[in-house]
Amino acid sequence: MKIGVLALQGDFDAHRKRLQELGAEVVLVKKPEQMDEIDGLIIPGGESGTFIRLLGDAGFEKLKQFVRAKPTFGTCAGAILLASEVENPVQQGLGALDIGIRRNAYGRQIDSSIRPGRFHSADAEPDDKGSALEMVFIRAPKIERVGPGVEVIATDGDDPVAVRKGNVMAATFHPELSDDTRVHQAFLDLVRGQRTKGRQ
Ligand code: GLN
Numbered sequence: 596m597k598i599g600v601l602a603l604q605g606d607f608d609a610h611r612k613r614l615q616e617l618g619a620e621v622v623l624v625k626k627p628e629q630m631d632e633i634d635g636l637i638i639p640g641g642e643s644g645t646f647i648r649l650l651g652d653a654g655f656e657k658l659k660q661f662v663r664a665k666p667t668f669g670t671c672a673g674a675i676l677l678a679s680e681v682e683n684p685v686q687q688g689l690g691a692l693d694i695g696i697r698r699n700a701y702g703r704q705i706d707s708s709i710r711p712g713r714f715h716s717a718d719a720e721p722d723d724k725g726s727a728l729e730m731v732f733i734r735a736p737k738i739e740r741v742g743p744g745v746e747v748i749a750t751d752g753d754d755p756v757a758v759r760k761g762n763v764m765a766a767t768f769h770p771e772l773s774d775d776t777r778v779h780q781a782f783l784d785l786v787r788g789q790r791t792k793g794r795q
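So for the sequence shown, the numbering used here puts the first residue at 596; every next one is plus one.
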């Protein structure tokens with residue numbers, strides 16, 4: 596299973612290490628055409644406006660097609676890129692996940708923090724309380740609207756901080772910076788599911 600990590604900017608190397616730890620083959624994606632050789636993609640944290648600038652029009656279009664076809668996981672700036680609605684300021688997005696997201700929503704005072712949150716397994720009941728998960732937030736955005744059919748897979752208090760719909764997953768925190776491997780494992784399970792379906 597080949598997983599790409601968009602490696603234009605930001606925090607891609609921690610994702611590479613985590614994925615390799617979990618047994619995945621990793622491709623650092625620096626050129627749009629590398630998306631043709633991967634089964635899934637992680638869009639890491641960084642600065643979402645800079646990602647858009649570095650991708651350019653052709654790269655952005657290629658990424659847009661990729662996220663519609665294959666499993667993609669965006670963390671922090673990556674989550675902002677995947678969202679259908681971005682505020683503070685308004686910014687173009689890939690529109691791959693029906694969520695409304697607000698950039699830098701926690702203000703400068705608490706722009707980074709480590710907080711205990713809850714992780715909900717894929718087959719959880721709606722009232723499931725989940726299990727404890729350490730979450731690292733860095734100039735994090737906030738998910739302010741969750742569209743129909745979008746499943747909340749992690750929470751920080753009452754706030755959704757990781758969501759999934761179909762093949763697209765997003766987290767406003769940085770699971771690659773904690774020791775817990777469950778969030779990346781959930782993404783690899785998603786990619787595996789997709790591959791199995793593809794072979795049938
Ligand atoms: N604040 C960044 C943005 O708006 C995201 C921060 C991060 O990825 N750690 O794009």
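Here a beta-carbon is modelled for each residue, glycine too, at the ideal position from N, C-alpha and C.
Take residue i and list the residues in its own chain whose beta-carbon comes closer than 6 Å to its own, dropping the five residues that flank it on each side.
| i | result |
| --- | --- |
| P666 | G635, N762, L785, V786, Q789 |
| E739 | G695, R697 |
| G651 | none |
| S679 | G690, D693 |
| I638 | L601, G669, G673, L676 |
| R759 | E746, I748 |
| S707 | I733 |
Indicate whether residue i and residue j have their beta-carbon atoms separated by less than 8 Å.
| i | j | result |
| --- | --- | --- |
| R611 | V624 | no |
| L689 | S643 | no |
| N699 | R734 | yes |
| A691 | R663 | yes |
| E632 | V622 | yes |
| E771 | A609 | yes |
| M596 | F668 | no |
What do you get for residue i, buried or exposed, if any count of 16 or more other CB atoms within 10 angstroms of its CB means buried?
| i | result |
| --- | --- |
| R794 | Residue confidence is low: R794 scores 41 on pLDDT, short of 50, so the model does not pin down where it sits. Its coordinate-derived value is still stated next. R794 comes out exposed. |
| V756 | buried |
| R613 | buried |
Measuring alpha carbon to alpha carbon, tell me which of the options ends up nearest residue i.
| i | options | result |
| --- | --- | --- |
| C671 | A781, G605, V747, D754 | G605 |
| R710 | D723, A727, S716, A700 | A727 |
| G737 | Q629, G744, G673, S716 | Correcting the residue identity first, residue 737 is Lys in this sequence and not Gly. The shortest Cα separation from K737 among Q629, G744, G673, S716 belongs to G673. |
| A602 | L617, R613, E616, K626 | K626 |
| T645 | Q686, V622, A609 | Q686 |
| D754 | I638, L617, Y701 | Y701 |
| E729 | T776, F782, A781 | T776 |
Near residue i, what residues of its chain come up, given a Cβ to Cβ distance below 7 Å and the 5 sequence neighbours on each side ignored?
| i | result |
| --- | --- |
| K724 | R713 |
| A766 | T670, A674, A749, V756, A757, V778 |
| G654 | P627 |
| G641 | Q604, G605, D606, A672 |
| K792 | A caution first: K792 carries a pLDDT of 49, below 50, which makes its placement in the model too unreliable to give a value. |
| V681 | I675, G688, I696, R698 |
| Q615 | V621 |
Residues in its own chain within less than 8 Å of residue i by CB, not counting five upstream and five downstream?
| i | result |
| --- | --- |
| M630 | G599, V624, L636, K657, L658, F661 |
| L617 | T776, H779, Q780, L783 |
Tell me, to the nearest whole angstrom, how far the beta carbon of residue i is from that of residue j; I am working on the premise that it is less than 8 Å.
| i | j | result |
| --- | --- | --- |
| G742 | D693 | 3 Å |
| S773 | V745 | In fact, because the Cβ distance is near 23 Å, the residues do not count as touching under 8 Å. |
| V747 | H715 | 7 Å |
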